[in-house]
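Below is one structure, written out as structure tokens; comments come after it.
Residue numbers (the UniProt record's numbering): 1 to 170.
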């Protein structure tokens, strides 16, 4: 079953103002989004998400289990650190110069209901003009596994398909 995570609220007439106010009041300060608290099939969640986005809200349809992460940031940090160092080593080999990194930290600019995002800034990459100028890793909040950007995009594509969008042939 699935829930909806809202990161930008829609026009006030879509959901009662009182309900939105209670969601905002209950939201932890370190997040940018709020769970609706639903437990509905994926297709139903996708259609509701489409209605919210049509009203200019931003949402994600996520398995309801993610409302309560099993992996804390302290548990995810060593996993992220190891993967960021692996990526740094690969970049060093590919570029032929040492890639220096800053501290591995929880990336606070993006709030994701599914993954913890950790990053390390790289003066080496920044000086060479790379954007972004660092290395980031996504850690699943339930399993502690590394989630690739490709996997996160596949989730987004799945939602768009469920909402009836047609993708042009590539």
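Ideal Cβ placement from N, Cα and C applies to all residues, glycine included.
Euclidean distance between Cα positions of residue i and residue j
{"i": "residue 120", "j": "residue 80", "result": "10 angstroms"}
{"i": "residue 76", "j": "residue 67", "result": "17 angstroms"}
{"i": "residue 60", "j": "residue 97", "result": "39 angstroms"}
{"i": "residue 152", "j": "residue 115", "result": "9 angstroms"}
{"i": "residue 100", "j": "residue 88", "result": "8 angstroms"}
{"i": "residue 38", "j": "residue 85", "result": "38 angstroms"}
{"i": "residue 110", "j": "residue 118", "result": "10 angstroms"}
{"i": "residue 69", "j": "residue 146", "result": "15 angstroms"}
{"i": "residue 133", "j": "residue 104", "result": "13 angstroms"}
{"i": "residue 50", "j": "residue 163", "result": "6 angstroms"}
{"i": "residue 62", "j": "residue 91", "result": "32 angstroms"}
{"i": "residue 36", "j": "residue 124", "result": "42 angstroms"}
{"i": "residue 136", "j": "residue 78", "result": "13 angstroms"}
{"i": "residue 1", "j": "residue 129", "result": "43 angstroms"}
{"i": "residue 143", "j": "residue 107", "result": "19 angstroms"}
{"i": "residue 83", "j": "residue 74", "result": "15 angstroms"}
{"i": "residue 154", "j": "residue 138", "result": "14 angstroms"}
Helix, strand or coil at residue i according to DSSP, with G and I counted as helix
{"i": "residue 119", "result": "strand"}
{"i": "residue 62", "result": "strand"}
{"i": "residue 141", "result": "coil"}
{"i": "residue 164", "result": "coil"}
{"i": "residue 3", "result": "strand"}
{"i": "residue 106", "result": "strand"}
Burial state of residue i, where buried means 16 or more other Cβ atoms lie within 10 Å
{"i": "residue 113", "result": "buried"}
{"i": "residue 140", "result": "buried"}
{"i": "residue 127", "result": "exposed"}
{"i": "residue 3", "result": "buried"}
{"i": "residue 122", "result": "buried"}
{"i": "residue 6", "result": "buried"}
Opposing strand residues paired with residue i [DSSP bridges]
{"i": "residue 147", "result": "138"}
{"i": "residue 97", "result": "Paired residues: none, contrary to the question."}
Query - Every unbroken beta strand (DSSP E) inside the region 49-94 [3 residues or more] - result: 58-63
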